[in-house]
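Enquirer: Before I ask anything, let me first share the structure, which is written out below as structure tokens.
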Amino acid sequence: MEDDGLRQLIQECISIGARYGNIDVNRVLRGADVTAEHVSTLANKHRCRITKVLAEPIENDAVTFCPDIWSDPIRQISYLCISVAFVDDQYQYRSYDLCCSPFEEEDKSSESIIANESSKAQNGSSSNSTDDNVKDLTNFDDSLFTIGNIDEISFIDVSKINIKDLPDYARDVIKGFNNCKVKLVSQSRRT
Numbered sequence: 001m002e003d004d005g006l007r008q009l010i011q012e013c014i015s016i017g018a019r020y021g022n023i024d025v026n027r028v029l030r031g032a033d034v035t036a037e038h039v040s041t042l043a044n045k046h047r048c049r050i051t052k053v054l055a056e057p058i059e060n061d062a063v064t065f066c067p068d069i070w071s072d073p074i075r076q077i078s079y080l081c082i083s084v085a086f087v088d089d090q091y092q093y094r095s096y097d098l099c100c101s102p103f104e105e106e107d108k109s110s111e112s113i114i115a116n117e118s119s120k121a122q123n124g125s126s127s128n129s130t131d132d133n134v135k136d137l138t139n140f141d142d143s144l145f146t147i148g149n150i151d152e153i154s155f156i157d158v159s160k161i162n163i164k165d166l167p168d169y170a171r172d173v174i175k176g177f178n179n180c181k182v183k184l185v186s187q188s189r190r191t
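Following full-length UniProt numbering, the residues of the sequence shown are numbered contiguously, the last one being 191.
Below you can see the structure in the form of structure tokens.
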């Protein structure tokens with residue numbers, strides 16, 4: 001036997017047996033069905049936890065849902081994912097990936113995404129349990145989300161709050177917004 005790794009593995013097994021006595025290998029090595037069941041249990045547990053965490057921000061319209069298309073260069077597949085982001089009551093930034101499914105359309109425009117997801121929802125073909133929550137988006141009016149349509153009344157007057165009085169997490173979020181704003185302004189001036 002020339003394989004040092006196999007020798008070390010066998011030696012470790014003998015050492016464990018000497019230390020703890022006879023061990024049933026079936027109690028140590030798990031099959032694919034046990035692993036799949038464990039992953040499913042963990043996923044359900046995390047879904048419940050995320051649902052509870054999201055309840056208050058959603059109730060207060062304080063979340064942002066972000067669609068994203070990304071490509072796996074190895075498998076040559078594009079994926080459409082939906083994430084949610086918000087700042088919790090402790091001023092901590094939170095982000096969760098809600099669902100992800102293959103996106104096989106050549107056209108990656110918003111119209112194509114909306115049509116694709118709407119047809120999936122209407123046909124009942126869902127590759128992920130969260131797809132059951134997809135609504136018909138054919139009448140979606142994205143003009144409601146443009147900067148020009150923001151209602152000034154929806155902003156809270158924070159003019160009397162000093163930035164030094166904010167928790168570190170809140171200051172980090174504001175710094176991030178300022179950095180984004182500076183980048184957007186400098187990019188818009190170039191065009």
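We put the beta carbon where it would ideally sit given N, CA and C, even for glycine.
Measuring straight from C-alpha to C-alpha, what distance separates Asn-22 and Thr-51?
Expert: If I take the Cα positions, the gap works out to 44 angstroms.
Enquirer: Quick check: Phe-103 and Ser-78, are their CB atoms within less than 8 angstroms of each other?
Expert: Yes.
Enquirer: Is the segment 18–35 close to the segment 56–63, with three or more CB pairs under 8 angstroms?
Expert: Contact between the segment 18–35 and the segment 56–63 is absent, because fewer than three Cβ pairs lie under 8 angstroms.
Enquirer: Please report the distance separating the alpha-carbon of Ser-15 from that of Leu-166.
Expert: Their Cα atoms are separated by approximately 56 angstroms.
Enquirer: Taking the continuous beta strand (DSSP E) assigned at Asp-61, which residues delimit it?
Expert: Where Asp-61 is concerned, there is no enclosing beta strand (DSSP E), given that its DSSP letter is neither H nor E.
Enquirer: Could you give the DSSP three-state label for Arg-47: helix, strand or coil?
Expert: The answer is helix: DSSP assigns Arg-47 an H, G or I state.
Enquirer: With 16 other CB atoms within 10 Å as the buried threshold, where does Leu-80 fall?
Expert: Its Cβ being crowded by 16 or more others within 10 Å, Leu-80 is buried.
Enquirer: Could you pull out every residue in the same chain whose Cβ sits closer than 8 angstroms to the Cβ of Ala-170, ignoring the five residues on either side in sequence?
Expert: If we look at Ala-170 and ignore the five residues flanking it on each side, its Cβ neighbours are Val-87, Tyr-91.
Enquirer: If you follow the alpha helix (DSSP H) that Tyr-20 is in, where does it begin and where does it stop?
Expert: Per DSSP, Tyr-20 belongs to the alpha helix (DSSP H) from 4–20.
Enquirer: Grab me the residues of Leu-98's own chain with a C-beta within less than 7 angstroms of its C-beta, minus the 5 sequence neighbours each way, in chain order.
Expert: Here the set comprises Ile-82, Ser-83, Val-84, Thr-130.
Enquirer: Verify the CB distance criterion: does Ile-16 have a CB-CB separation below 8 angstroms to chain D?
Expert: The displayed structure is made up of one protein chain only, and chain D is not part of it.
Enquirer: Excluding the five sequence neighbours on either side, which residues of its own chain have a C-beta within less than 8 angstroms of the C-beta of Ile-153, listed in chain order?
Expert: Per-residue confidence for Ile-153 stands at a pLDDT of 39, beneath the threshold of 50, marking its modelled position as unreliable; the derived number appears in the next sentence. Result list for Ile-153: empty, nothing under 8 angstroms.
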